[in-house]
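The working numbering applies: residue 1 is where the sequence shown begins, and numbers increase by one.
Structure first, commentary second.
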Amino acid sequence: MDKYPTIEVFQDLLVTDNDRLSLRKALLDAVAAPWHHDTEVEERLLSMGTGDEERMLAFTRAASKDIAAATVTLFPDGASSYKVSNIVPRERSSLSEGEYNAVLLDLVTEVVEKAKQSNGITFELSTGQQGPLDWTTQEAANALLTFSLGANKSSAASHQLDRERWMAFIVAAHRSEHEHFYPSYLARWLTKAEHWPEDVAERLATDYESSLELLAYYDENRE
Numbered sequence: 001m002d003k004y005p006t007i008e009v010f011q012d013l014l015v016t017d018n019d020r021l022s023l024r025k026a027l028l029d030a031v032a033a034p035w036h037h038d039t040e041v042e043e044r045l046l047s048m049g050t051g052d053e054e055r056m057l058a059f060t061r062a063a064s065k066d067i068a069a070a071t072v073t074l075f076p077d078g079a080s081s082y083k084v085s086n087i088v089p090r091e092r093s094s095l096s097e098g099e100y101n102a103v104l105l106d107l108v109t110e111v112v113e114k115a116k117q118s119n120g121i122t123f124e125l126s127t128g129q130q131g132p133l134d135w136t137t138q139e140a141a142n143a144l145l146t147f148s149l150g151a152n153k154s155s156a157a158s159h160q161l162d163r164e165r166w167m168a169f170i171v172a173a174h175r176s177e178h179e180h181f182y183p184s185y186l187a188r189w190l191t192k193a194e195h196w197p198e199d200v201a202e203r204l205a206t207d208y209e210s211s212l213e214l215l216a217y218y219d220e221n222r223e
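Below, the structure written as structure tokens:
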């Protein structure tokens, strides 16, 4: 199985320099309209005991035709990096994956890239399209796709053969240590990429999570 359907996911951004203080200064120096350094948001987060003024950063973008108004918060990641921790919309209740990623990409283009021009800054931006091979091993991805292609999508894994294929995926996922294969990713992938009913996909994701917890407990406590 060489190709796996992918889904749109929220991207991650990590920005790095020789030290975080110089990185902070470079980012602040690069900020210009439609972005601004949002000290009001930083003060509010500080008052809640989140971060400190010499470490965290908040940048807010004004709305435009294709990009929603939003605030991006960055927190330290190690001694010389900042990582985007959240993007909060300013004029609506939530952002889709595409809207979130558009804000993040604009931050990279308008702020990070400009700061990078005169500094040793590097950044890592995760892909916005991901699938099972981004989250787990080839073995587990194969087992999941085999299950999904052959299963009765209206009844989860209730039929005997479907159940056997599902359990084969669970075992393969357990062997992979599944660090990045979250239940929410599984539910969304089944729904968006494989067209499972949402309620059935959620049940499978719940079963996936509880099964892995049980197997992990067994491994930790067996004699």
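Virtual Cβ for every residue (Gly too), placed ideally from N, Cα, C.
> Is the distance from the Cβ of Pro-183 to the Cβ of Tyr-208 below 8 Å?
Replying inline: Working through the sequence shown from its first residue, we reach residue 183 at position 183. Working through the sequence shown from its first residue, we reach residue 208 at position 208. Yes, the Cβ-Cβ distance between Pro-183 and Tyr-208 is below 8 Å.
> How about Gln-129: is its C-beta nearer than 8 Å to some C-beta of chain B?
Replying inline: Any reference to chain B falls outside this structure, which holds one protein chain only.
> So, do the region 123 to 135 and the region 1 to 14 have three or more beta carbon pairs nearer to each other than 8 Å?
Replying inline: yes
> Of the choices Ser-64, Phe-75, Asp-19, whose alpha-carbon is the least far from that of Leu-46?
Replying inline: By 1-based counting over the sequence shown, the position of residue 46 is 46. Nearest C-alpha to Leu-46: Phe-75.
>> Counting beta carbon pairs with one atom in the region 153 to 160 and one in the region 60 to 69, are three or more of them shorter than 8 Å?
In response: no
> Where does Thr-206 fall in DSSP's three states?
Replying inline: Within the sequence shown, residue 206 is the residue found at index 206, counting from 1. In this structure, Thr-206 counts as helix in the three-state DSSP scheme.
> Between Asn-101 and the rest of its own chain, which residues show a CB-CB distance below 8 Å, the 5 nearest in sequence each way excluded?
Replying inline: Indexing the sequence shown from 1 puts residue 101 at position 101. Correct list, in chain order: Glu-8, Phe-10, Gln-11, Gly-128.
> Any chance the region 135 to 142 sits against the region 21 to 33, with 3 or more Cβ pairs inside 8 Å?
Replying inline: no
> Quick one: what's got a C-beta closer than 6 Å to Thr-73's C-beta in the same chain, skipping five residues either side?
Replying inline: Numbered from its first residue, the sequence shown carries residue 73 at position 73. Ala-58, Ser-85, Asn-86.
> CB-CB under 8 Å to Ser-154, same chain, minus the five flanking residues each way: which ones, in chain order?
Replying inline: Against the sequence shown, residue 154 aligns to sequence position 154. Cβ neighbours of Ser-154 beyond the five flanking positions: Pro-197, Val-200.
>> When you compare the CB positions of Leu-186 and Ala-205, do they come within less than 8 Å of one another, or not?
In response: Counting from one through the sequence shown, the residue named residue 186 turns up at place 186. Counting from one through the sequence shown, the residue named residue 205 turns up at place 205. Yes, the pair counts as a contact, with Cβ atoms nearer than the cut-off.
> Nearest CA to the CA of Lys-192: which residue from Val-171, Val-15, Glu-97, Tyr-82?
Replying inline: The residue labelled residue 192 in the question sits at position 192 within the sequence shown. Answer by Cα proximity: Glu-97.
> Per DSSP, what kind of secondary structure is Trp-310 in: helix, strand or coil?
Replying inline: The chain is shown from 1 up to 223; residue 310 falls before or after that span and cannot be answered.
>> The alpha helix (DSSP H) that contains Ala-140, what's its start and end?
In response: The count along the sequence shown starts at 1 and reaches residue 140 at position 140. First-last of the alpha helix (DSSP H) with Ala-140: 138 to 150.
> Which residue's Cα is closest to the Cα of Arg-24: Glu-202, Met-56, Gly-78, Arg-188?
Replying inline: Walking along the sequence shown from the start, residue 24 turns up at place 24. The shortest Cα separation from Arg-24 among Glu-202, Met-56, Gly-78, Arg-188 belongs to Met-56.
>> What residue range does the beta strand (DSSP E) around Val-88 cover?
In response: For the purposes of this step, residue 88 is taken as the residue at position 88 of the sequence shown. Note, Val-88: beta strand (DSSP E), 81 to 89.
>> Tell me the residue span of the alpha helix (DSSP H) that contains Phe-169.
In response: As a first step, residue 169 is located in the sequence shown; it is residue number 169 there, counting from the start. Its alpha helix (DSSP H) spans residues 160 to 176.
> What did DSSP end up calling Val-72 once you bin it into helix, strand or coil?
Replying inline: As a first step, residue 72 must be located in the sequence shown, where it is residue number 72. Of the three classes helix, strand and coil, the one that applies to Val-72 here is strand, per DSSP.
> Are Glu-177 and Ser-148 touching if we call contact CB-CB under 8 Å?
Replying inline: One-based indexing of the sequence shown puts residue 177 at position 177. One-based indexing of the sequence shown puts residue 148 at position 148. For Glu-177 and Ser-148, no; Cβs fall outside 8 Å.
> Apart from the five residues just before and just after Ala-79, which ones in its own chain have a Cβ nearer than 8 Å to its Cβ?
Replying inline: Here residue 79 is taken as the residue at index 79 of the sequence shown, counted from 1. Excluding residues within five positions, the ones whose Cβ falls inside 8 Å are Asp-19, Arg-20.
> Is it buried or exposed for Arg-222, if we count other Cβ within 10 angstroms and need 16 for buried?
Replying inline: Walking along the sequence shown from the start, residue 222 turns up at place 222. By the 10 Å Cβ count, Arg-222 comes out exposed.
> Which value, in whole angstroms, describes the spacing of the CA atoms of Gly-150 and Asp-162?
Replying inline: Residue 150 sits at position 150 when you count from the first residue of the sequence shown. Residue 162 sits at position 162 when you count from the first residue of the sequence shown. Each residue's Cα considered, the two are about 7 Å apart.
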